[in-house]
Every structure is written in C-alpha cells, then in structure tokens.
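Undergrad:
Numbering (my numbering), first residue to last: 7 to 272.
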C-alpha cells in the first residue's frame, strides 16, 4: 500500500479474492501506477476511470487495492447472475446496477449509502466500454456526478491504458505474454464546489459529468502521449447502441480514411 493505510477490515470474500488474484496480476502484468497521492486516505469518495476492456475492473481494482483504499464497484446486474462469480461479487460488497429499470433507484441509493459509510465507490462513467474507435473516453453518463454532488464527496478522476492489450474491446481471448504494462493515473478531485448550492438538475449533472470526462481525458493524453479528438464521441449521434456489444450490430466509430479498410475500429 502506497497511499492511505487500510483502516477498515475487508469483507472475508474481498480478502479471499485479493489473496488469490493479486499475486496472479503481479505475475502476468507490469504496472505503472501514478497519482496515488491523490487517492483520499480516509472518508468516502467516488473514483471514476475510462472503460476500454472487459479486463478493466481487475486492473482498476488492483490499482485501488495497492493505494490502500479498496474500491467497491457498481456492476451490471447480469454479472451477479453468473454462478459462483455473482455470489462472490455480492459477498465482496459490490453493488448491482439494474440498467433501464425501476430497480436502478435502489442501486443509486446503495451507492450513496456506500459513500456515506466511508467507502471508495468505483464507477465507470461511460457505463460501458467506449465506442470511440481509438478508445478515447466517450460521452459520460451522470451517475458518478450525481453521487458526488448529493454526498459532496471527492470525485477522483483516473485514466487507464494497457488493459486493451490483454483483452481487446469485447474480446474473449486474453493475451497475457509477453507481459503488458497496465498504466493508471489518478488526478486530484474534480472541483464541483461551485455546483453544490444549485439544484441537481439535468444541466448541473451534465456540467459536472463533462468536467469529470474532460479531466479523465487530460490524464489519458499524458499516459498515451497523444492528443484527444476535437470532439468527444457520442453514441447517440453515431447511431450506436449505448449498452450491449455494438459489434453484434455493426462497426462503431467515426468515419475513417479510405485507406483504412481493416474494419477493426473497436
């Protein structure tokens, strides 16, 4: 642990999973952890990162565990229906998200309560793997900002890069060797203080979410050594499904130059 010392006793299932998985991740990956000093050492907060691969949650959890502040994640409810794995997720204290249903309200309440209980709440603000063809952060959903505004807790942006080399977006065949470097970069909390005394409406939520996505993208520019696109990808304006695997429908992304005909934009 390199940031705040872990003060809370972890659920037994969380300890067991960490005992098994962390040595494996240490063996199969290299790590470039940055900005651990920006992870709060105590108190509840929201921590949000970009989403580029099914491998993201493991890498993100590893980073947070090493920071001394283990994360509790919001995950789609289908994961909790998987035999054994779903049971472990529940026992670890993770929170199911029932997307596009009335039960989503219960997930939100559980997230708010988790922050008030002093937990580090991990939220992927894009809600799914980015549809951007070059894996830049796309338009974010407002859940992370809503929790941060209601609880007035720190909202910590994190950029990640490298997980897509282990498992390509929507891929199912991991490539573990040679070992890939997992890069994670936590920035200072996004300043939302000027929004605290304003009604939490659609306009305020979009403003807060755009600030978060801008900061994550800035951190990712540093990790990648590249400049972001001039326009953030928005699935709604590109006719791309916002949930599910878009590759089952059609290729995603911006129009590419004619010379690029390999069709692997995802």
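Every residue gets a Cβ at the ideal spot worked out from N, C-alpha and C, and that includes glycine. Computed from a predicted model, the values in this text were never measured in an experiment.
For residue 221, which of 63, 95, 144 has the nearest alpha-carbon?
TA: The residue with the shortest Cα to Cα distance from residue 221 is 144.
Undergrad: In this structure, what does DSSP give as the bridge partners for residue 130?
TA: Paired residue(s): none; residue 130 is not in a bridge.
Undergrad: With the cut-off set at 9 Å, would you say residue 141 and residue 58 are in Cβ contact?
TA: Contact: yes.
Undergrad: Just how far apart, CA to CA, sit residue 194 and residue 87?
TA: Taking the straight line from one Cα to the other gives about 35 Å.
Undergrad: Please go through the stretch 139-190 and give each complete alpha helix (DSSP H) segment of 4 or more residues, from N-terminal end onward.
TA: Listed in chain order, they are 149-157, 169-172.
Undergrad: What number of angstroms, rounded off, separates the C-alpha of residue 213 from the C-alpha of residue 133?
TA: Straight-line Cα distance between these residues: approximately 17 Å.
Undergrad: Report the option in 238, 211, 146, 207 whose CA atom is closest to the CA atom of residue 55.
TA: Looking at the Cα atoms, 146 is the closest of the given residues.
Undergrad: Determine the direct distance from the alpha carbon of residue 231 to that of residue 19, and round the result to whole angstroms.
TA: So the two alpha carbons sit approximately 38 Å from each other.
Undergrad: Suppose the cutoff is 6 Å on Cβ atoms and the five residues either side in sequence are ignored; what does the same chain contact list for residue 46 look like?
TA: The residues are 160.
Undergrad: Tell me where the beta strand (DSSP E) around residue 55 begins and ends.
TA: First-last of the beta strand (DSSP E) with residue 55: 51-55.
Undergrad: Assuming residue 101 is part of the beta strand (DSSP E), what are its boundary residues?
TA: Unbroken beta strand (DSSP E) run through residue 101: 101-103.
Undergrad: Whole angstroms is fine: what's the gap from residue 158's alpha carbon to residue 102's?
TA: So the two alpha carbons sit approximately 23 Å from each other.
Undergrad: Going straight from the alpha carbon of residue 247 to that of residue 239, what length do you get?
TA: If you take the alpha carbons of residue 247 and residue 239, they lie about 13 Å apart.
Undergrad: If we require 3 or more residues per run, which beta strand (DSSP E) segments fall completely within the stretch 27-71?
TA: Counting only runs of 3 or more, we get 35-40, 51-55.
Undergrad: Tell me residue 77's beta-bridge partners as DSSP assigns them.
TA: Answer by DSSP bridge pairing, in chain order: 126.
Undergrad: Is the distance from the Cβ of residue 80 to the Cβ of residue 23 below 9 Å?
TA: No, the pair does not count as a contact, with Cβ atoms beyond the cut-off.
Undergrad: Based on the DSSP secondary-structure assignment, which residues constitute the bridge partners of residue 96?
TA: According to DSSP, residue 96 bridges with nothing at all.
Undergrad: Could you give the C-beta distance for residue 112 and residue 50, rounded to a whole number, given that I count them as a contact under 8 Å?
TA: Between residue 50 and residue 112 the Cβ distance is about 19 Å, and since that is not below 8 Å, they are no contact.
Undergrad: Count the other CB atoms, across all protein chains shown, that sit within 10 Å of the CB of residue 149; report buried if there are 16 or more and exposed otherwise.
TA: The residue is buried, with at least 16 neighbouring Cβ atoms inside 10 Å.
Undergrad: Between residue 125 and residue 235, what straight-line distance do the alpha-carbon atoms span, to the nearest angstrom?
TA: Distance between the alpha carbons of residue 125 and residue 235: 34 Å.
Undergrad: Residue 114 and residue 52 - do their beta-carbons sit closer together than 9 Å?
TA: No.
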